[in-house]
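Student: Counting from 1 along the sequence shown, just add 101 to a position and that's the residue number in the numbering used here.
All C-beta atoms, glycine included, are put in the ideal place defined by N, C-alpha and C.
Given the structure is predicted, the values throughout are model-derived calculations rather than measurements.
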Amino acid sequence: MSDSTLSNITPLSDHNFSTWKPEISALLRAKGLWRIVNGTAPSPKTADVDKVAAFQEKQDKAAGLLALSLSSAQRIHIQGIEDDPAKIWKKLEDVHMEKC
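Pasting the structure below:
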């Protein structure tokens, strides 16, 4: 699956959370990153630097995909949490579910 798949997702705006959410979550699932985003993938509790690095790389990929799927106006919501995909997801849900 190429990264061009992201171009098929309409960036999140103030008015499309209900369509953006299933699209981006499907993409994250297809890339094996969904559990990182929804917070169910435990961070490795090990001294194995390779496992820790692999987990951190998945976090970076997930956070990057989420950030790239936002309109420029939505990026304000993730300032200060850009490196934590679980916090990004929660923040976006909180902001947009409040509007519903």
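Reducing DSSP to helix, strand and coil, say where residue 171 ends up.
Tutor: strand
Student: Which residues bound the alpha helix (DSSP H) around residue 128?
Tutor: 118-131
Student: Excluding the 5 residues preceding and the 5 following residue 135 in the sequence, name in chain order all residues of the same chain whose CB lies nearer than 7 Å to its CB.
Tutor: 126 and 129
Student: Within its chain, find whatever has a CB closer than 6 Å to the CB of residue 153; leave out the 5 residues flanking it on each side and keep chain order.
Tutor: 145
Student: Where does residue 134 fall in DSSP's three states?
Tutor: coil
Student: For residue 150, is the classification buried or exposed, using 16 other Cβ atoms within 10 angstroms of its Cβ as the cut-off for buried?
Tutor: exposed
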